[in-house]
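Protein sequences, first through last, are from chains A and B. Residues in the first sequence are numbered consecutively from 1, following my numbering. Residues in the second sequence are numbered consecutively from 504, following my numbering. From the three backbone atoms N, C-alpha and C, an ideal C-beta is built for every residue, glycine too. From a predicted model like this one, the values you see are computed outputs, not experimental measurements. Only one structure is covered here, and it is reproduced in the block below.
Number of protein chains: 2
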Amino acid sequence: MAKQSKTAISPTREQDYPAWYQEVIKASDMAENSPVRGCMVIKPWGYAIWENIMQQMDVLFKETGVKNAYFPLFIPLSYLEKEAEHVEGFAKECAVVTHHRLEPDGKGGLKPAGELAEPLIVRPTSETIIGESMARWTTSYRDLPLLLNQWANVVRWEMRTRMFLRTSEFLWQEGHTAHATAREAKERTMQMLDVYTKFVQECLAMPVIRGRKTVAERFPGADDTTCIEAMMQDKRALQAGTSHFLGQNFAKSSEIKFQNEEGQEAYAWTTSWGTSTRMIGGIIMVHSDDDGLVLPPRIAPAHAVIMPILKKGDDNREVMESARGLKDVLEGKLYHGRKINIEIDDRDTGGARGWDWVKKGVPVRIELGPRDIEQNMVSVARRDQAVNEKQSINREEFISEFTNILDNIQDTLFNRAIAFRKENTFEIDDKKAFYKIYQKARGYKNGAFVMAHWCGSQDCESTIKDHLSVTIRCIPFDSPVEEGSCICCGNSSSRRVLFAKAY
Amino acid sequence: MAKQSKTAISPTREQDYPAWYQEVIKASDMAENSPVRGCMVIKPWGYAIWENIMQQMDVLFKETGVKNAYFPLFIPLSYLEKEAEHVEGFAKECAVVTHHRLEPDGKGGLKPAGELAEPLIVRPTSETIIGESMARWTTSYRDLPLLLNQWANVVRWEMRTRMFLRTSEFLWQEGHTAHATAREAKERTMQMLDVYTKFVQECLAMPVIRGRKTVAERFPGADDTTCIEAMMQDKRALQAGTSHFLGQNFAKSSEIKFQNEEGQEAYAWTTSWGTSTRMIGGIIMVHSDDDGLVLPPRIAPAHAVIMPILKKGDDNREVMESARGLKDVLEGKLYHGRKINIEIDDRDTGGARGWDWVKKGVPVRIELGPRDIEQNMVSVARRDQAVNEKQSINREEFISEFTNILDNIQDTLFNRAIAFRKENTFEIDDKKAFYKIYQKARGYKNGAFVMAHWCGSQDCESTIKDHLSVTIRCIPFDSPVEEGSCICCGNSSSRRVLFAKAY
């Protein structure tokens, strides 16, 4: 492989973090901007990550009794009008379908025709239309709980977009459940937050802080919004998932009523919870480095690549057979219930070949030449280690250790992210110090997670937001009760909350 | 269970086939019409079938090297204008997005605002936008073949809709491949038709006739359209999948060019192929009966249901434990690579409980009472047999035989469908007889697949279509060369083609 002095990605994180992010995506061939405003094309390497996310989350959902369903892409305008009464500012930026036909425009082109009596909105969420179904499906307490989830595309018109993090169309899942009692719905809210936590920490190797949102940051219509927040390498927070307890608010606006065991009519208690392709943005920003994407083995589209060392003019049959044999035996194993996938790259592109796979973030790179075969060895490099670090390992030992190596990489990434977050999280009680840490923050440099006291007033919350673009990401569940004074106004406070700049 | 004289579905197939179809869907809780015009809600039982279809087809696709990707929901109007030059009548009925915002209308409602400079079309297919990407991704022969597939929702504005068979929004997969040579592209066309054939016959237990479309019935822009056609119980044909060889036509309109091994610029050769939620309509119409849905075990959301016989007031713990034990041991097995899923229904609704599962089409129904447990037996009913037919089987024997029973049901359904098609397929050489068979055809009664000679002229083809609403479904690959005269004009013909009324 080529020299290590130059990084594979330019600019580096330190030079220009947002540009680095775009370059990592480009160099790994995950996605690209499409000719359609605000939308992206998710290329096979990126989509395979999403498939792995969907498959593994879906198993966890179903273990809790959730069932998938599919609801229409379009929402009648009147549905949003109903909601608009309750929710100021909701769903204003959206794609509006007004016609159902194209006709020749007389100038060799086409024009919209067949105006609809009622415009249709391309779903920004399916909340209202799922609510309408839930209302029809719920008559008795025997119909509850109703545990639904949908994997789908949604559209929110965005003016400034960023691949995976903010695009007009994105892929997500939204869960909606209805229950006979508040207790059950609250338990479900936490159960799904637990599922998200387990998945994001174990599969994406992304440590998260669990907590609840402040009233100001709550989902509109929720009685309680719980979330998981992760630290990116620029020390900003990414909300990786949310789970809402909606009380009876949503049931009242959607008329989700049932006859309870005592024969009385009652409104259901509901929850909703969601995650999206944003998580892929999180994976990139938590793990990747100046040489490109770094993928946790649990969601990597390929667990390893085998690069046979072929000689021009030679009969390379033996090397290729040896490579295919290695691929077959490795793919015979399961890794956390998922089939192992090994790529063979027999291109003759010299050092560029190895760098391609570094940039794609494949956990393990294997080189295999005639000499390795003779000695029954394989040359192994790990994406969590320096690019030029290679280890020669006995072939059988490597095979038997392969899933352990993957687990070890997974753990390393998680522990590294934990350590990074720890290094960049501070308890601050001095207002000047608090301001200083965020005023200096630019891109990759500085910034932090700050645990500080807050009196609970929305005034203090919005003052800090206005001054520093810093928000209370959550009130962490594990933040201990302690005496303190608000970082903004100095009034008394009983616990610290998590402040950060956010995506 | 209740008496068998009355059928669970009313009307029966014979009384009113289209109404029977809707009732089967309703009674099985698969789907329902949504408040959004032309769209349906796919409920958990129906969506689980689609999930099983997707998972199993996806494995077959990937085995051939195909990779999934995701392209934008929206297509700029100009893309369709480009195509409109080539393709008369294409994509006229579609959902047109003209605005990107909702604003208060001053009357307490909302109105579309923020008119787009260029209208966007909700994809009726992703062909043009995938073509645009393929053109960008293809520079050298080394980039080929490009083997892409997308699972997504598409929209075609339909005036008359029918759940699963024809809805404005539906779910599908579309594959698009580009190759350096015509031979490779032709091979891929057939390879994907083979994949469809294998899947539809083996997993959906739906026998198909493979062949190519006539020029008139060809996909616009294709040099060759191959298809699989299945017979429904009303003897009409359902096209269950198509695979197109597009020659260089699509590459020319999308500018998919590459430098070949000789260093010359050349257009790629492309294919496309698709299947959709229509297949679920096919499953219903091929296998179901007057008692409701009948599901092939390979795609059933649940392979069996256990109905413990519980006594009011009794301590039913032992029965429930026995049921759960049976569920656990059965779910410990795999069935054709898929986890077995067993439902336990412990509702106390008497005979209605059993009928619910009959109507849902679950392959195996198991009753388990205190007496069965005492004798170490289970009472087993199969959905491919009469509803009141039950068999008492030793529990261990049943467990060890379970996947064989499922295979046996699968085979029975397939063989039954083959036999039905055979009974209702005729070779006809007499024009009067040909007309008679279709003129009488109404609903479930009469109608047929007819293998008849055709001279190859579009005039004859369209005459028959105009007179009888009967089309040439395909020129079957296995139709032998033989001398004959055209069923319409009497001119000479060298092979029979498949005629039928179609969905």
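Cutoff 7 angstroms: residue i Cβ touching any chain A Cβ
{"i": "S629(B)", "result": "no"}
{"i": "I783(B)", "result": "no"}
{"i": "K760(B)", "result": "no"}
{"i": "K546(B)", "result": "yes"}
{"i": "V861(B)", "result": "no"}
7 angstroms Cβ cutoff, residue i in contact with chain B
{"i": "C460(A)", "result": "no"}
{"i": "Y47(A)", "result": "yes"}
{"i": "C39(A)", "result": "yes"}
{"i": "I119(A)", "result": "Residue identity check: residue 119(A) is Pro in the sequence provided, not Ile. P119(A) counts as touching chain B."}
{"i": "N341(A)", "result": "no"}
{"i": "E331(A)", "result": "no"}
{"i": "P505(A)", "result": "Missing from the structure shown is residue 505(A); chain A here goes from 1 to 503 and no further."}
{"i": "V215(A)", "result": "no"}
{"i": "E174(A)", "result": "no"}
{"i": "S28(A)", "result": "no"}
{"i": "V36(A)", "result": "yes"}
{"i": "V87(A)", "result": "With a pLDDT of only 49 at V87(A), under 50, the local geometry of the prediction cannot be trusted, and the value read off the model is given with reservation. Chain B contact via Cβ: absent."}
C-alpha gap between residue i and residue j, whole angstroms
{"i": "R353(A)", "j": "M637(B)", "result": "22 angstroms"}
{"i": "E132(A)", "j": "A182(A)", "result": "20 angstroms"}
{"i": "A655(B)", "j": "G484(A)", "result": "53 angstroms"}
{"i": "K595(B)", "j": "Y520(B)", "result": "31 angstroms"}
{"i": "N571(B)", "j": "K943(B)", "result": "46 angstroms"}
{"i": "K43(A)", "j": "F1002(B)", "result": "41 angstroms"}
{"i": "N911(B)", "j": "I256(A)", "result": "43 angstroms"}
{"i": "T567(B)", "j": "A48(A)", "result": "16 angstroms"}
{"i": "I812(B)", "j": "S895(B)", "result": "15 angstroms"}
{"i": "F61(A)", "j": "M192(A)", "result": "8 angstroms"}
{"i": "Q264(A)", "j": "K863(B)", "result": "31 angstroms"}
{"i": "E217(A)", "j": "D224(A)", "result": "10 angstroms"}
{"i": "I9(A)", "j": "Q676(B)", "result": "35 angstroms"}
{"i": "K186(A)", "j": "G241(A)", "result": "17 angstroms"}
{"i": "I908(B)", "j": "E926(B)", "result": "27 angstroms"}
{"i": "T214(A)", "j": "H244(A)", "result": "13 angstroms"}
{"i": "S288(A)", "j": "V24(A)", "result": "8 angstroms"}
{"i": "G274(A)", "j": "R212(A)", "result": "15 angstroms"}
{"i": "L668(B)", "j": "W772(B)", "result": "31 angstroms"}
{"i": "K842(B)", "j": "K836(B)", "result": "7 angstroms"}
{"i": "K509(B)", "j": "V865(B)", "result": "20 angstroms"}
{"i": "V200(A)", "j": "T412(A)", "result": "15 angstroms"}
{"i": "M713(B)", "j": "D981(B)", "result": "One point to set straight first is that residue 713(B) is Arg, not Met, in the sequence displayed. Rounded to the nearest angstrom, the two C-alpha atoms are 8 angstroms apart."}
{"i": "Y335(A)", "j": "T403(A)", "result": "6 angstroms"}
{"i": "Q913(B)", "j": "F673(B)", "result": "27 angstroms"}
{"i": "A884(B)", "j": "P800(B)", "result": "14 angstroms"}
CB-CB length for residue i against residue j, believed under 8 angstroms
{"i": "A683(B)", "j": "L647(B)", "result": "5 angstroms"}
{"i": "D737(B)", "j": "G946(B)", "result": "6 angstroms"}
{"i": "L293(A)", "j": "S28(A)", "result": "4 angstroms"}
{"i": "P575(B)", "j": "C39(A)", "result": "4 angstroms"}
{"i": "W157(A)", "j": "S168(A)", "result": "6 angstroms"}
{"i": "E118(A)", "j": "R473(A)", "result": "E118(A) to R473(A), Cβ: 39 angstroms. No contact."}
{"i": "I990(B)", "j": "I931(B)", "result": "7 angstroms"}
{"i": "D356(A)", "j": "M320(A)", "result": "About 19 angstroms separates the two Cβ atoms, so there is no contact after all."}
{"i": "T1052(B)", "j": "A936(B)", "result": "Because chain B in this structure spans residues 504 to 1006, residue 1052(B) falls outside the shown range and cannot be described."}
Residue i: contacting residues in chain C (beta-carbon distance under 8 angstroms)
{"i": "V305(A)", "result": "Although the question refers to chain C, the structure presented lacks it and instead comprises the protein chains A and B."}
Chain-ordered residues of the segment 595-619 of chain B with a beta carbon less than 7 angstroms from chain A: K595, E596, C597, A598, V599, V600, T601, H602, H603, R604, L605, G612, L613 and P615
Mind the definition here: the segment 762-779 of chain B touches the segment 824-831 of chain B only if three or more C-beta pairs lie below 8 angstroms; say whether that holds. In short, these stretches do not touch, since the Cβ pair count stays below three.
Taking only beta carbons into account, state which residues of the segment 561-576 of chain B come closer than 8 angstroms to chain A, listed in chain order. Against chain A - using a Cβ distance shorter than 8 angstroms - the residues of the segment 561-576 of chain B are K570, N571, A572, Y573, F574, P575 and L576.
Indicate whether the contact test is met: 3 or more Cβ pairs, each with one atom in the segment 746-760 of chain B and one in the segment 606-615 of chain B, closer than 8 angstroms. no
Of all the residues that make up the segment 148-159 of chain A, which are near chain B by a beta-carbon distance shorter than 8 angstroms? L148, A152, N153, V155 and W157
With 8 angstroms as the limit, tell me which residues of the segment 789-805 of chain B have their beta carbon closer than that to any beta carbon of chain A; keep them in chain order. none
Would you call the segment 946-955 of chain B in contact with the segment 886-901 of chain B, where contact means no fewer than 3 C-beta pairs closer than 8 angstroms? no
Using a Cβ-Cβ cutoff of 7 angstroms, what residues of the segment 972-1001 of chain B are near chain A? List them in chain order. Residues passing the 7 angstroms Cβ filter: none.
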